[in-house]
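Working notes for the structure below.
In my numbering, the protein residues as written are 436 to 730.
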C-alpha cells in the first residue's frame with residue numbers, strides 16, 4: 436500500500452457564475468497542479484466547500500478529480516458527513532473509484548464526545564478497507580479530538596494519517612509520543628507549516644498550494660527532504676502574509692478562487708452565504724501575490 440506524504444493540494448471547487456460546479460475547471464486545475472509538481476490532491480475538504488455541495492455533486496467531483504489525475508498522483512477524497520452511515524457511504528464510493536485514501540472530519544453539528552468520535556471513526560474504518568486520515572479541526576467541527584483519542588484510533592490498521600488543525604504545535608508532539616509514530620502527521624494549519632515539518636510532519640494538507648503549488652513543494656523539499664532549515668525559513672517568511680490571510684481572514688475560499696482567476700486558472704464564485712471579496716480585499720491579495728512572485 437502506497438505511503439502518503441508530501442504536498443497535497445486541498446482543492447477548491449471551481450464554480451461558474453451561475454453557481455454550478457465547473458467540472459471542466461476542475462480538470463484544468465488538476466492538470467496545472469500536477470504539472471507544478473504537487474505530490475497529491477485532496478478534493479472535498481473544507482477548502483472545497485464540501486458542506487455547500489449536494490450529494491450528487493460531491494460524488495461527481497470526486498470522480499472528476501480521479502479521472503483527471505489519471506493515476507499521476509494519489510487522490511485523497513474528503514468523505515465527511517454528519518452521520519456515520521453517510522460517512523460510510525461516501526467512503527465506500529471513494530474506495531470504489533480508486534481513491535488512495537479518505538479525509539474525515541468528526542461530525543460537525545452534534546458536537547460528539549471523545550467516545551462518540553472514537554466509535555464513529557472505528558465503524559467507518561471497519562466498514563471500508565481504505566486508508567483514513569483523521570481531520571481534527573475544532574474551529575470547523577466545534578470539537579477537538581484529543582491526542583489520547585487519536586492514539587486509540589491509531590491502533591486500527593487502516594487509520595494511518597492525521598491532519599492536525601488545532602494551531603497548537605504541541606499537539607503534534609503529543610500525538611507522536613502517544614502513538615509511537617504509528618501514524619503519519621500532515622500539517623493542517625497554514626502558518627505553522629515550517630514548524631510542523633520541523634516537529635515531524637511528513638505531509639501538508641496544503642491550502643496555499645491552490646495558487647502557489649510550486650512554492651509549496653519547494654518549502655516542503657527544503658525543510659523535510661533536504662533539512663535546509665535556513666533556506667526553508669527564508670521562503671516561509673515570504674509566504675507568511677498569504678498563509679495568515681488564508682487562516683485568519685475568514686475568506687479562505689474567496690481568496691483562493693480570486694487568486695486562481697487572477698492567474699488564469701479556474702476559481703469562480705463561492706456559494707452563499709459566503710460573500711465575494713471587496714475591492715480592498717482584492718488589492719491586498721494582489722500585493723501578497725506580487726510579493727510571492729506569483730504575478
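Idealized CB from N, CA, C, for every residue including glycine. Treat the numbers as computed from the prediction; the structure is a model and nothing was measured.
{"Asked": "Same chain only: Cβ atoms within 6 Å of residue 724, ignoring 5 sequence neighbours per side", "Found": "730"}
{"Asked": "Residue 634 versus 662, 642 and 652, residue with shortest Cα-Cα distance", "Found": "662"}
{"Asked": "Per DSSP, cross-strand counterpart(s) of residue 580", "Found": "Answer by DSSP bridge pairing: none, since residue 580 is not bridged."}
{"Asked": "Three or more C-beta pairs below 8 Å linking the stretch 661 to 679 and the stretch 442 to 459", "Found": "no"}
{"Asked": "Residue environment, residue 545, which counts as buried when at least 16 other CB atoms sit within 10 Å", "Found": "exposed"}
{"Asked": "Identity of the residue in 473, 456, 504 and 506 nearest residue 493 by Cα", "Found": "456"}
{"Asked": "Residue 589 classed as buried or exposed, judged by whether at least 16 other C-beta atoms fall within 10 angstroms", "Found": "buried"}
{"Asked": "Residue 711 burial status per 10 Å Cβ neighbour count (16 or more: buried)", "Found": "exposed"}
{"Asked": "Residue 639, DSSP secondary structure in three states", "Found": "strand"}
{"Asked": "Strand pairing of residue 622, partner residues [DSSP]", "Found": "599 and 639"}
{"Asked": "Beta-carbon gap between residue 540 and residue 515 smaller than 7 Å", "Found": "yes"}
{"Asked": "CA-to-CA distance, residue 444 to residue 500, given in whole angstroms", "Found": "12 Å"}
{"Asked": "The stretch 519 to 528 contacting the stretch 562 to 573, beta-carbon criterion three pairs below 8 Å", "Found": "yes"}
{"Asked": "Segment limits, alpha helix (DSSP H) that includes residue 461", "Found": "458 to 470"}
{"Asked": "Terminal residues of the beta strand (DSSP E) in which residue 476 lies", "Found": "475 to 477"}
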